[in-house]
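*Asks:*
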Amino acid sequence: MDTPKTRPKVLQQTIAGNKVGRRPGFLYIPDGALKPRLFLLSFDVNFYQENEFKTYEELFAFYQQYPNARHWIDVRGYGDLELLQKFQQDFDIHPLQMEDVINDYQRPKVEEEDGQLFIVTRMMEFTKSNCLEDDQLSIFTGSNYVITFQSDYEDCLEVLRDRIRAGKGVIRKRPVLYMAYAIMDVVIDYYFVVLVQVGDYLESLEDYLFEQPDKKTLNQILNIRREVNKFRRLVWSERDKINEMLRDEELVPDEETAHLF
95 MDTPKTRPKV LQQTIAGNKV GRRPGFLYIP DGALKPRLFL LSFDVNFYQE
145 NEFKTYEELF AFYQQYPNAR HWIDVRGYGD LELLQKFQQD FDIHPLQMED
195 VINDYQRPKV EEEDGQLFIV TRMMEFTKSN CLEDDQLSIF TGSNYVITFQ
245 SDYEDCLEVL RDRIRAGKGV IRKRPVLYMA YAIMDVVIDY YFVVLVQVGD
295 YLESLEDYLF EQPDKKTLNQ ILNIRREVNK FRRLVWSERD KINEMLRDEE
345 LVPDEETAHL F
């Protein structure tokens, strides 16, 4: 029988948090979750406002003040159960979907609920310790908004925020589904950056192996092989998710946006 030391990390966290057997949809804030930071980008063709709010009430009031604009509500950090429940109530987020947001090792997927989409994608990073880290990005779409939830304060989406600030491209003119597409597009584009970094690291290992072969280098090669296999599994899941969005017209009814996917 496995001991807690040999169980996978996610399973250890589940056992430590005593979540086994709790009812579906039960919201459990993990230990060490960051205090949420609330960002809002509101815009249309001729209008742009960007704010970080201290409270949910301030954010929601501003959102309601501009019903004809499009809004990107960006929540970074999960460490406030009451705040997450307010999002769940005011934006009609299903309890099981909010549970998936917090228990953030979900595979990439897409779900539709009353015309709203719930999309899970995974952001990748090749760290200084030569490991692949993947963080969950949860995306909700509504009639005039996209909400993103993530556990950390840093991400790979600043390039998209810069495009919106500068009014470049067509993102300010297109419906909110296009904004969801643009977010996913940046995330997946960053996969190529990760691939280049992994390739450079493999080349350095290869050079070292020829110059000074040792057991440590062999272990590094085995480790990166495991990381690449993990990367492959995530990419296949992303591909399956996007194929599902293309097959189901209810998920992506706009033909032009479907073409982009």
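In our numbering, the protein residues as written are 95 to 355.
For glycine and all other residues, C-beta sits at the position ideal for the given N, C-alpha and C.
Being a predicted model, the structure only gives us computed values, none of them experimental.
Straight-line CA distance for Leu168 to Ile258?
*Replies:* For the purposes of this step, residue 168 is taken as residue 74 along the sequence shown, with counting starting at 1. For the purposes of this step, residue 258 is taken as residue 164 along the sequence shown, with counting starting at 1. The sequence shown places Asp at residue 168, not Leu. Taking the straight line from one Cα to the other gives about 14 Å.
*Asks:* For Val214, which of helix, strand or coil comes out of DSSP?
*Replies:* The residue you call residue 214 lines up with position 120 of the sequence shown. Three-state result, Val214: strand.
*Asks:* Exposed or buried, which one is Ala276 when buried takes at least 16 other CB atoms within 10 Å?
*Replies:* Residue numbering aside, residue 276 sits at position 182 when the sequence shown is read from its first letter. Per the 10 Å Cβ criterion, buried.
*Asks:* Need the endpoints of the alpha helix (DSSP H) that Thr311 sits in, please.
*Replies:* Within the sequence shown, numbered from 1, the residue matching residue 311 stands at position 217. Its alpha helix (DSSP H) spans residues 309-341.
*Asks:* Within 10 Å of its beta-carbon, does Gln230 have 16 or more other beta-carbons around it, so buried, or fewer, so exposed?
*Replies:* Stepping through the sequence shown from its first residue, residue 230 is reached at position 136. So Gln230 ends up on the buried side.
*Asks:* Determine the direct distance from the alpha carbon of Asn224 to that of Glu305, and round the result to whole angstroms.
*Replies:* Within the sequence shown, the letter at position 211 stands for residue 305. Within the sequence shown, the letter at position 130 stands for residue 224. Those two C-alpha atoms are separated by around 20 Å.
*Asks:* Evaluate Asp198 with the Cβ neighbour count: other Cβ atoms within 10 Å of its Cβ, from every protein chain shown; 16 or more gives buried, anything less gives exposed.
*Replies:* Residue mapping note: residue 198 aligns to position 104 of the sequence shown, counting from 1. It is buried - the Cβ of Asp198 has at least 16 other Cβ atoms within 10 Å.
*Asks:* Measuring alpha carbon to alpha carbon, tell me which residue in Met218, His188, Gln200 is nearest Leu211.
*Replies:* Counted from its first residue, the sequence shown places residue 211 at position 117. In terms of CA proximity to Leu211, His188 leads the group Met218, His188, Gln200.
*Asks:* List the residues that DSSP assigns as beta-bridge partners of Leu134.
*Replies:* On the sequence shown, position 40 is the one that residue 134 refers to. Partner(s): Asn145, Ile167.
*Asks:* With Glu67 as the anchor, note down where its beta strand (DSSP E) starts and where it stops.
*Replies:* The question about residue 67 has no answer here: the residues shown for the chain are numbered 95 through 355.
*Asks:* Taking buried to mean at least 16 other C-beta atoms within 10 Å of its own C-beta, is Ile241 buried or exposed?
*Replies:* To locate residue 241, count along the sequence shown from 1; it is residue 147. With 16 or more other Cβ atoms within 10 Å, it is buried.
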